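As structure tokens, the structure follows; a few thoughts come after it.
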Amino acid sequence: RARDAAERMSATTLPADIAAMSGHAAGGQPTQHQWSPYVMNSGTVMAICGKDFAVIAGDTRMSVGYQIQSRNVSKLLKITDKTVLATGGHCQADTLQLQKIIRSRMVQYQHQNGKEAKTSSIAQNVSQMLYNRRFFPLLTKNIIAGLDEDGVGCIYTFDVVGCLERVRVACDGSAEELIQPVLDNLLERQHQQAAPRPPPLHVDLSREDVINIVKDAFTSAGERDITTGDHMDIWVIDAAGVHQERFDLKYD
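Heads up, the sequence shown is in this note's numbering, so the first residue is 1455 and it goes up one at a time.
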């Protein structure tokens, strides 16, 4: 009892910062300390696939809370001439780890089979990588875009433990809630009663229209989301390879 009374007295008489360092709050109550292995660096990525192309984009801002760590960190990774990976709303350390594993697996695949992996094979491989880490997940939100075996654009989305789905349009990251409803309305036509349904595997818009929608979506998101901004990488995948473009967004 005497020891408890002394500790309470010292905690109330010491300055607040010293009391906190000693494990007590200013009022003498114990302080619970927490630690997390994840740091969210946020950002946004999206992808749209067409009849013979796929467009994938991501902003270049990397932030922690209200602090901008870098304005020039690409969220896109070219895996092959027909496949690109985008990671948004992510932990940058886990993203770099995942990219390192993917590069290693692709080199191994090419040496064993004498050819580059198909987009569907890469998506399945990434799904297995994420599932293998399900008890300590890689905190990454991934989208894979490319061309399938028939030359049709394809997009695959994942959750953090590797659940895989092929879709026509996808958005992930901190501005997903702002962009995804627009994609559902304009491209999926989920809320247009009289509009014709899009094809089952891709949207029915031209490449130029898709690129303009992507630019408009990121421009609007950058006005509302503080972790999306600076620049946007737009990569178009077609039979000729991957074509890269950079578009400026809001800097503040």
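In this text, a Cβ means the ideal position worked out from N, Cα and C, and glycines have one as well.
Remember, it's a predicted structure, so these values are computed and weren't measured experimentally.
Quick one: what's residue i bridged to in DSSP?
i, result
"F1590", "Answer is none; F1590 lacks a bridge partner."
"C1503", "A1508"
"N1596", "T1541"
"C1617", "Per DSSP, none; premise fails for C1617."
"D1624", "A quick correction: the sequence has Ala, not Asp, at residue 1624. A1624 pairs with A1501."
"G1676", "None; G1676 has no bridge partner."
"G1607", "L1601"
"I1665", "According to DSSP, I1665 bridges with nothing at all."
So which of the options has the shortest CA-CA distance to residue i?
i, options, result
"T1682", "H1487, T1514, V1696 and L1552", "T1514"
"Y1520", "N1495, K1505 and G1512", "N1495"
"E1677", "V1690, K1704, V1623 and A1694", "K1704"
"A1599", "I1502, Y1492 and T1485", "I1502"
"Q1546", "R1557, K1572 and V1518", "V1518"
"N1526", "I1691, K1505, G1497 and A1694", "G1497"
"V1690", "T1594, A1511, H1487 and P1491", "A1511"
"G1627", "D1679, I1555, Y1610 and L1550", "D1679"
"A1717", "H1487, S1490, D1506 and Q1488", "Only positions 1455 to 1706 of the chain appear in this structure, which leaves residue 1717 out of reach."
"I1667", "T1594, Q1634 and Q1488", "Q1634"
"A1439", "Q1523, S1524 and H1544", "Here the chain covers residues 1455 to 1706 and nothing more, so residue 1439 does not appear."
"E1631", "D1702, R1587 and A1671", "A1671"
"K1707", "V1580, V1615 and S1575", "The shown model of the chain, from 1455 to 1706, leaves out residue 1707, and the question about it has no answer."
"N1586", "E1662, R1661, V1606 and D1613", "D1613"
"G1504", "A1624, W1489 and F1589", "A1624"
"G1605", "N1596, D1692 and R1622", "D1692"
"Y1492", "E1662, F1590, T1673 and Y1610", "F1590"
"D1706", "I1522, R1651 and R1643", "I1522"
Would DSSP call residue i helix, strand or coil?
i, result
"D1692", "strand"
"K1554", "helix"
"G1570", "Gly is not the amino acid found at residue 1570; the sequence shown has Glu there. Coil at E1570, not helix or strand."
"S1581", "helix"
"T1514", "coil"
"D1451", "Nothing in the structure corresponds to residue 1451, since the chain is present only between 1455 and 1706."
"K1532", "strand"
"L1601", "strand"
"D1702", "strand"
"S1575", "helix"
"H1565", "helix"
"Q1546", "helix"
"H1697", "strand"
"Q1486", "coil"
So residue i packs on residue j, CB below 8 Å; how close in whole Å?
i, j, result
"V1499", "K1529", "5 Å"
"D1548", "L1618", "With 8 Å as the limit, D1548 and L1618 do not qualify as a contact, their Cβ atoms being about 18 Å apart."
"V1538", "V1696", "6 Å"
"C1608", "A1508", "7 Å"
"T1573", "L1552", "Not really, about 17 Å apart at Cβ, beyond 8 Å."
"G1616", "L1584", "3 Å"
Report task. Would you check if there are 3 or more beta carbon pairs closer than 8 Å linking the segment 1636-1654 to the segment 1530-1537? Result -> no
Requested in this report: Could you tell me whether the segment 1653-1670 touches the segment 1556-1569, where touching means 3 or more Cβ pairs closer than 8 Å?
Outcome: no
Query raised in the report: Is it a yes or a no for the segment 1684-1701 touching the segment 1625-1639, going by three-plus beta-carbon pairs under 8 Å?
Result: no
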